[in-house]
Every structure is written in structure tokens, then in C-alpha cells.
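Since the structure comes first, as C-alpha cells, the remarks are kept for the end.
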Amino acid sequence: MDAYIEKLRKRLRKSYDTFDDEISELVEACKRDLEQSGIYGDLNDPLYFQAVVLYEKTYFGDNEDMEKIEKAYQSLKTSMALSGDYNGQKQSTDTNKADI
């Protein structure tokens, strides 16, 4: 999980671990949001990771581009749901097992 959070920190342009708890909570919230839309994936999957990044950028701190990024997240979520590649059985999305 630490490597996953570190990778997210880089995408959020944060070099320190002060906000790691908030970042972890947002990962869990994103997973639940995707699951409510019937999307199950692996945190190591590039598109799934991109969805997490967009979710983080939408809800982490104050962001003047929040609406634009949220639209990008919703668009990616819709695309993933329609693709059929992420609608299967619930896969391992345990953040403790993410090996990035």
C-alpha cells in the first residue's frame, strides 16, 4: 500500500506523507463509488488507477478545476462500465496487496 500511496502522492504533486491518511480514505471511497456502478478492478490496472487518480484530484484539498476533473472521472467511469472489462466478478482490489 505504501508504494501505491507514494505513486498517488506524485500524481497529486505532494512529496511528503502528511496527507497519506486522507489519500488512503479517498482510495477506499473511489473503490466503493466504482463498485456502486458495477465496476470491479485491480488497483494495479492502468485504467483503474487512472480512475483513482481522477477521483483523488477531484476530492483532495481545494482544486479550482474540480468540476472539470470530476467530469473526466465520470466519463472514464462510464467508459469502464460500458466496456464490460470491469463488470465481472469482484476482483482483488485490496489496497494492501497493491504492488506498484
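Start counting the sequence shown at 1; every next residue gets the next number (full-length UniProt numbering). Ideal Cβ placement from N, Cα and C applies to all residues, glycine included.
Restricting to Cα atoms, I'd like to know which of L43, I5, R11 and D2 is closest to K31.
Position 31 of the sequence shown, counted from the start, is the residue given in the question as residue 31. Of the candidates L43, I5, R11 and D2, the one whose C-alpha sits nearest the C-alpha of K31 is L43.
As a quick exercise: from K10, E6 and K57, pick the residue whose alpha carbon is nearest that of K68.
Locating residue 68 in the sequence shown gives position 68, counting from the first residue. Out of K10, E6 and K57, K57 has the C-alpha closest to the C-alpha of K68.
If I measure Cβ to Cβ from S37 and keep anything under 7 Å in the same chain, skipping five residues before and after, which residues do I get?
If you number the sequence shown from 1, residue 37 lands on position 37. Listed in chain order, the non-local C-beta contacts of S37 below 7 Å within the same chain comprise K77 and A81, local neighbours out to five positions each way being set aside.
Express the C-alpha separation of Q74 and K14 in angstroms, rounding to a whole number.
Counting from one through the sequence shown, the residue named residue 14 turns up at place 14. Counting from one through the sequence shown, the residue named residue 74 turns up at place 74. In a straight line, the C-alpha of K14 is about 24 Å away from that of Q74.
With distances taken Cα to Cα, identify the nearest neighbour of L34 among E22, D62, Q50 and D20.
Position 34 of the sequence shown, counted from the start, is the residue given in the question as residue 34. The candidate whose alpha carbon is nearest that of L34 is Q50.
Cβ atoms of V53 and R11: under 7 Å apart, would you say?
The count along the sequence shown starts at 1 and reaches residue 11 at position 11. The count along the sequence shown starts at 1 and reaches residue 53 at position 53. In this structure, R11 places its C-beta atom within 7 Å of the C-beta atom of V53.
Let's test the definition: count the other Cβ atoms within 10 Å of the Cβ of G61 and tell me whether it reaches 16, buried, or not, exposed.
Against the sequence shown, residue 61 aligns to sequence position 61. By the neighbour-count rule (16 or more Cβ atoms within 10 Å), G61 is not buried but exposed.
First and last residue of the uninterrupted alpha helix (DSSP H) at D20
By 1-based counting over the sequence shown, the position of residue 20 is 20. Its alpha helix (DSSP H) spans residues D20 to Q36.
Go ahead and pull the three-state DSSP assignment for D2.
In the sequence shown, counting from the first residue as 1, residue 2 sits at position 2. Of the three classes helix, strand and coil, the one that applies to D2 here is helix, per DSSP.
Out of Y16, D85 and I5, state which residue places its alpha-carbon closest to the alpha-carbon of E28.
Counted from its first residue, the sequence shown places residue 28 at position 28. It is I5 whose Cα lies nearest to the Cα of E28.
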